[in-house]
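Each remark here refers to the structure printed beneath this line.
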Amino acid sequence: MRYIPHTDEDVRQMLETIGVNSTEDLFTEIPQEVRLGRPLDLSAPMSETEVIKEMKRLAAQNATAETHSTFLGGGAYNHFIPSVIDQLISRSEFYTAYTPYQPEISQGTLQAIYEYQTLICQLTGMEVSNASMYDGASACAEAVLMAARATRRKKVLLATSLHPEYRETVATYCRHLNIELLDVPYLETGKLDQQSLASLLDKETAAVVAGYPNFFGVIEELAPLADAAHDVGALLVTAVAEPVALGKIKSPGELGADIVVGEGQSFGMPVSYGGPGVGFFAARQKTVRSMPGRLVGATRDKDGKTGYVLTLSTREQHIRREKATSNICSNQGLCVLIAAIYLSLLGKQGLKEVASQNLAKAEYAKQAISALPGFSIPFSGPTFNEFVVEVPGDVDALLLKLEERGILAGLPLKRYFAGMEQRLLVCVTEQNTREEIETLVDALKGGAA
Amino acid sequence: MRYIPHTDEDVRQMLETIGVNSTEDLFTEIPQEVRLGRPLDLSAPMSETEVIKEMKRLAAQNATAETHSTFLGGGAYNHFIPSVIDQLISRSEFYTAYTPYQPEISQGTLQAIYEYQTLICQLTGMEVSNASMYDGASACAEAVLMAARATRRKKVLLATSLHPEYRETVATYCRHLNIELLDVPYLETGKLDQQSLASLLDKETAAVVAGYPNFFGVIEELAPLADAAHDVGALLVTAVAEPVALGKIKSPGELGADIVVGEGQSFGMPVSYGGPGVGFFAARQKTVRSMPGRLVGATRDKDGKTGYVLTLSTREQHIRREKATSNICSNQGLCVLIAAIYLSLLGKQGLKEVASQNLAKAEYAKQAISALPGFSIPFSGPTFNEFVVEVPGDVDALLLKLEERGILAGLPLKRYFAGMEQRLLVCVTEQNTREEIETLVDALKGGAA
Amino acid sequence: MSPTATITQLKGASQQPEAETDCVANRIGTSGLALREKLIFEHSVQGRQGYSLPALDVPNAELSEALNREEIVGFPEVSEVDVVRHFTRLSTWNYGLDSGFYPLGSCTMKYNPKVNETVARLPGLAGCHPHTPEHLSQGALGLMFDLQNALAEISGFDAVTLQPAAGAHGELTGVQMIRAWHESRGNSRKKVLIPDTAHGTNPATAALCGYDVVPIASGDSGILSAETVAEYMNDDVAALMVTNPNTLGLFESDIRKICDIVHQGGGLVYCDGANLNALMGIARPGDMGMDVMHFNLHKTFSTPHGGGGPGAGPVGVSEKLIPFLPKPVVVHEDGRYRLDFDRPQSFGRMRSFFGNFGIMVRGWAYILTMGGAGLKQASEMAVLNANYIRARLEGVYHLPYKNRSLHEAVFSDKQLGGGCHTLDLAKRLIDYGYHPPTIYFPLVVHGSIMIEPTETESKEVLDEFCEAMLEIARESMNQPELLLNAPSLTAVGRLDETAAARNPRLCYKPAE
Amino acid sequence: MSPTATITQLKGASQQPEAETDCVANRIGTSGLALREKLIFEHSVQGRQGYSLPALDVPNAELSEALNREEIVGFPEVSEVDVVRHFTRLSTWNYGLDSGFYPLGSCTMKYNPKVNETVARLPGLAGCHPHTPEHLSQGALGLMFDLQNALAEISGFDAVTLQPAAGAHGELTGVQMIRAWHESRGNSRKKVLIPDTAHGTNPATAALCGYDVVPIASGDSGILSAETVAEYMNDDVAALMVTNPNTLGLFESDIRKICDIVHQGGGLVYCDGANLNALMGIARPGDMGMDVMHFNLHKTFSTPHGGGGPGAGPVGVSEKLIPFLPKPVVVHEDGRYRLDFDRPQSFGRMRSFFGNFGIMVRGWAYILTMGGAGLKQASEMAVLNANYIRARLEGVYHLPYKNRSLHEAVFSDKQLGGGCHTLDLAKRLIDYGYHPPTIYFPLVVHGSIMIEPTETESKEVLDEFCEAMLEIARESMNQPELLLNAPSLTAVGRLDETAAARNPRLCYKPAE
Ligand SMILES: Cc1ncc(COP(=O)(O)O)c(C=O)c1O
Ligand SMILES: Cc1ncc(COP(=O)(O)O)c(C=O)c1O
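Protein chains in written order, with our numbering: chain A, 1 to 449; chain B, 450 to 898; chain C, 899 to 1410; chain D, 1411 to 1922.
Dropping the structure here:
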């Protein structure tokens, strides 16, 4: 066994030092009645060759952006990943380290997190960012809990246009905490209905939660939402499932958001069947002590040299136990590093340019599809790189026809929304060439005919 | 340009410091008449996305062991490459460093070379190894030159069964140095003809050069060759194109060889269309000062700590210029590291086991093919993981038929040897499963029918 | 003679700085060249670029001015080489498992196999979009299905969900199911019992599910007694959360009886499976009577910790909890794998999509590599290693609990000399070239030193480490300042955590 | 007070060891934790394994006893984790381009792009066997063909071979062709002219082709004058080997005239193309009248040096040398790529197969990325950087040649104080966190300090480096022992190279 170094002689000597006769004797505290009296029913050990072969067999059964033209978004996005990233995160000092509990030999991780926190603040327009949550959905749930803590209120208004899996996660997290969740409907623009919002908001309301862009790809107008929320002392929570948008659309912070959460997968992580990505979480300075999750701060050593440490940990479970702001312990460490590298590489110009390309390509596709007979764009609001399409005929049959042409045309919305049997969420990123888009349009046309 | 950091402002400031007005002014020493008065006729710069796409397009046009069952050897071998290797050689401290001229910040490279030198000595049964040559063929050529230097003789006997490209390379290197090359024929066993050898050997002979195993996969009997050579004061040079064999067959050193060279690609390097691999070069202690190439030696710092340095460099071109033992400067550094990692992972047991598997699988294939009607094994000598097959009918037509079944069945020998129109060199390694071998045998049978 | 010359002479003489007198046998740490590196923002120069994009091949599009962002203020502008050097240098200030021994107790810092990294990067696995139709993601679904089953077999549970992203997330998933089960029976119990040895995530999780936490003292032996549990058990108790082996490295040998008591009282038993590395192939929490347990793939199943994640925290449950599993669940029907969303009793979902799939791939590669026999051997050797360290350090280091240890050994700093504490020992170990053990946890041991070697460490490594520990104990008697001033070899010295918390600086600002 | 306490106090006081007083502005080097590591052989324990193989699925086979090897005496037996930690630790004692500035003159240590590493590992490129039939390796052949053409365009030559594995190998290839050309004309000239600024590989190569080397003094200006060449030229001279720009970083501005003289005398001109990074898109050796030149893909075309290789040393030739190119040559006919072996006048082959294909892939990725415009910009910025360093250091460092520098600047140690030499400066730069420049080459400069920054370094890096150089020059006056004892921060100090050569220990033996 190449991962276990013990030779028979090692074992003999070690048992002797311990003063027992066999490894069996080390387990005497485990009563016989709870022992497993048989070998585990798993396959025999495989060699490295065999493991790779088996994994390639599995991999070959999956469609990817290499095997298909893909227009899938809806919470996970195909963006270009610079080669630099994998080389840097493969440095074992990063990926084989634990949480940086011992700062003197973890300055690499700690400085990288500090930089990530700063980048997230700059991107979202907020003042403090934590060191990550599990994903966008759980970050959103934690944001709701934080809003309830910070306002000491128990009512939360969730946009119906928020990513449905974020909504489900919020509901799960809130279920046993006496937090009441109410839905805010959307309009024909695909944007949140501000009138309904006004009628739901009151002095009991802890927060309003909206996607930005929302699940339909529509860019919400945040400023009026923030104003409405603030008027009653509630917080505005925005959830950004596609943060590349923030290269092109105003930051939630600038528009008045109080907590900004989202999914960072777009920043250099592969779609990886939905994980791991990284939940980002940023807020205002004044609420820092009710934030969930780890925080890295700058400090000094005894000689005055700058260094970084985990800080404000009295908010956390390992100190505060049942009174902690969250139960989170391990977060998405290495994905934080990926995001920090990606954002450093892209930088001020790059993120703007990649966002502009997403916008332009999606717009190009949207216009072309909207011009197809039988197809329409049900929501009139401005979109970023995703938009909803109403298709003629049977969606599933259409999708199958497109698959035959090597195209994954989009996400059918019927799973999430009753009454959306004919709707697809189509996502176009900088990875889709004009040619691919034109093939898609052509195939939709042919498929619907 | 992401590799060039200069902004316009940087350039302006730098030019000012230099005291010139434009970058153009920096090139004043280049006369106008030799200037290129036009842009280079190359394609426009490509983004990373486009470069990767183009390279994938090219890659998709090549057959590999992933797309075909392959039985190709003849100087390059498909062996399993443990994942550990790529992770370690991707550490930038290794792969982005230069030759370790400054030992105090190159101890990683230097210790790894020292370990490689030791591993090569242990494997070949020799006393000193250099830090690598370009490949097996050029190492073989340098061995001939060294033998001539060491013996002050000018006649060298080359086995006809030595890899033909090694023979060509030796001939090229010797052409202008007054070294006479004579061929030693092979017998029906595929082994070198000792009687012819005896008749060619004389007091003018610097060296006898034989493959081990030879190009036909046949394992030469080295001891009598060594004795015969030594009797007249000549050296035995053995060239090992497939060093995995040394896990299973006696070391050339034990059998009396004086210089052992070979190709190390089998030790963890991909076949990579023929390069880079690594030429290894080992000899006896007494001839160390006439060895070509770099050598690493152990020494101490001023506090007595052990460290490693490039040494005996008075043999080399940068000190001795035209009197150097070779002109080599850069060698195959990173491939040395790969070999050191591979041999450390495999170790004493592993190299033996992988060699045994190669032998057993090749033997299995050889027997099955020899039993096919119309097929025969022309050489009777013992082989390692390659053997020559005499096929019925047209070789090219047969190979094409096998390609259609996804099999690269072997290397046709007619390119190298007149009179071998019907012969294939078939190689079977631990990477070929029994199933693949059986499919090969079946396809040969069907293809010849 | 110039003042500098004097210094140089002093250095040359017997009074060498500590960093250079490293004559201690087997001491791995020494002093070497380190490279400083500023913040990435401090490298920024207007107009530099570290990226490339294909030219836009469609007409440009613009947003209305109200939506359009002008600039991301503060974002860096750097070249590719800046980024590469920056993060390369940062990495060199870290210590990873591949750097050396990393005996963080409760964290199971076992070797992270490289083949796992290779397969997780296969385009067909890393590149599959979570919304890919099921018939085009059979490989991903099949892998998840097989992993669910393997984990069920290893743990003795009846079903497994792979959704949670880490251990604590798994705890929350588990306790949510417990609560859903109680509610399905019209039962609204309010309390969860948690021994004082438990990890902080246990009480925090219970609280997140709206439960009141009732701490139970573990007592002198370090383990829970059935009697104590019986005392606490009543019909307001929804569950007991127990870690087995517990965080002292001790097996809860009354566990069967304890489970019976809780069950008889109408409660359920949650198992914190962080320490499963002691038990594989030997005993199964499901067979002990526990109802639900989280795994940490990033501990027991060798996936890398990544400087704090991503991990994966699958949860196994007994039959009765299956209806409450989070959605979706991977099922196998008619030779096809499918995601089952139609689970009316499910308590909901814990996150988007299906979990940290990339981590599942690594865990599955590990299970395939080890096989059943290999996993058992791993547990045996992990326990052997811990007991060996215990045997070698016992006496010199105070061992508060005497029961046979399983995968980890917990000492205290009681016998250190010179006013040195656990923190000082930890920092001194850094100078010796080791990552320190977990310290000050579990809370029941004052000055706890929690050492978990795992099975991937050789006797030689353990011997060298034990020598270092023994040497440091001697140093605490004779030269305590070596501990009190440690670490002395790292590029930054002991950092002021109090100052960091008093005046939090969490975000770089150019003026800073 | 114990003696240790005294030491500690001394340390705390003003007389801090040098390693801790790094208050020099912009000093990158500092002291940090390093980990020691023994030889891999010293980790060996009988029975340990670092590998796995599938079970043998065919009957075992045995060799006769006469052939069969019993054991590879001395080979290590270690686990996978041993190997990973071993080489990881070794790597940390190295300094790479990704660690920091690496101004090795003549080596063109430009940034090694990461995308090149990615594409070189594509299975379809790395996994193609050299004996694959041509119709199944069109991708590999096409890449080689396009690379040949691109290099020809960049250099102004008529054809290019990719076979040579490195620069010196390319030189040998080139001089072989020169000799073959002479012989084809019944001409057996015996001499090759080589200026004293040339790299050692030039004379060594000429000698390997059976030529006598005639050194030519480059004279006061550092460049060859046409007159001098005319003096040496006669009908026993087969060729002149010249590096342009030469190793002093100076352009050989008489080159056209020199080529004419050599050609008129019946000889050919070889160009050592190591310094092509100064000329791309600006001037082409082929257009200057040179007949043959090697490229170093591992310099000009950004492929990594790998701690000494592998590189690639393609050779470009003018029309008249095409028949003599080594075999095979990649040709394009009827829309297909093919290897042409049928070249009767070829001088032979320099190695197996077609060259270091994996390096060609990287070089081609670089050319695609840069395009023609990018290559020209690279050369311009490389020259700008060298001149900037020259301008900043001139005066403080002695500059032996005054002609305008191109891609590198060569200083001498004449103006260092305190008995310090180039070697001391080099070692002191290490303490500052830099890889030293090339030293003691070219030989024409006594105590040569040869600095080649390349275009991938920013003004900020150059400024910091220049500050360090200036500071060290000051130190040489005021505290020369800082240079003489350098490096002081590395885990090993200055190594005794003389002892190494006197008593060579080249191979580990357990008794050692
Ligand atoms: C005993 C125990 N329980 C739970 C956890 C939490 O696991 P995670 O960090 O994966 O959320 C840990 C982690 O250290 C632990 O040691
Ligand atoms: C001027 C010059 N010529 C030739 C060479 C030899 O090149 P290589 O090391 O690639 O063989 C070098 C390498 O340093 C060089 O600088």
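Don't be surprised by glycine CBs; every beta carbon is placed ideally from N, CA and C. Small disclaimer: the values here were computed from a predicted structure and weren't measured.
Thinking C-alpha only, which one of the options is nearest residue i?
i: residue 1233 (chain C); options: C:1032, C:1160, C:1001, C:1045; result: C:1032
i: residue 1472 (chain D); options: B:839, B:850, B:882, B:811; result: B:811
i: residue 1452 (chain D); options: D:1440, D:1484, D:1818; result: D:1484
i: residue 1220 (chain C); options: C:1238, C:1205, C:1127, C:1208; result: C:1238
i: residue 493 (chain B); options: D:1786, D:1465, D:1568; result: D:1786
i: residue 1169 (chain C); options: C:1150, C:1156, C:1139; result: C:1139
i: residue 1560 (chain D); options: D:1833, D:1773, D:1882, D:1853; result: D:1773
i: residue 190 (chain A); options: A:16, A:178, A:176, A:211; result: A:211
State the DSSP-derived secondary structure class of residue i, mapped to helix, strand or coil.
i: residue 835 (chain B); result: strand
i: residue 1663 (chain D); result: coil
i: residue 1362 (chain C); result: helix
i: residue 94 (chain A); result: helix
i: residue 474 (chain B); result: helix
i: residue 211 (chain A); result: strand
i: residue 1299 (chain C); result: coil
i: residue 993 (chain C); result: coil
i: residue 730 (chain B); result: strand
Pop quiz: residue i and residue j are said to be a contact at Cβ under 8 Å. What is the actual Cβ separation, rounded to whole angstroms?
i: residue 788 (chain B); j: residue 720 (chain B); result: Not really, about 15 Å apart at Cβ, beyond 8 Å.
i: residue 205 (chain A); j: residue 184 (chain A); result: Between residue 184 (chain A) and residue 205 (chain A) the Cβ distance is about 11 Å, and since that is not below 8 Å, they are no contact.
i: residue 136 (chain A); j: residue 268 (chain A); result: Wrong, their Cβ atoms sit about 15 Å apart, outside the cutoff.
i: residue 1039 (chain C); j: residue 1235 (chain C); result: 3 Å
i: residue 1820 (chain D); j: residue 1577 (chain D); result: Actually they do not touch by this definition, with Cβ atoms about 19 Å apart.
i: residue 831 (chain B); j: residue 667 (chain B); result: 7 Å
Could you check if residue i belongs to the surroundings of ligand 1, using beta carbon to heavy atom distance under 7 Å?
i: residue 1333 (chain C); result: no
i: residue 1196 (chain C); result: yes
Residues near ligand 2, CB to any non-hydrogen atom under 6 Å, in chain order?
B:778, B:779, D:1516, D:1517, D:1576, D:1577, D:1578, D:1609, D:1611, D:1653, D:1657, D:1682, D:1684, D:1706, D:1721, D:1723
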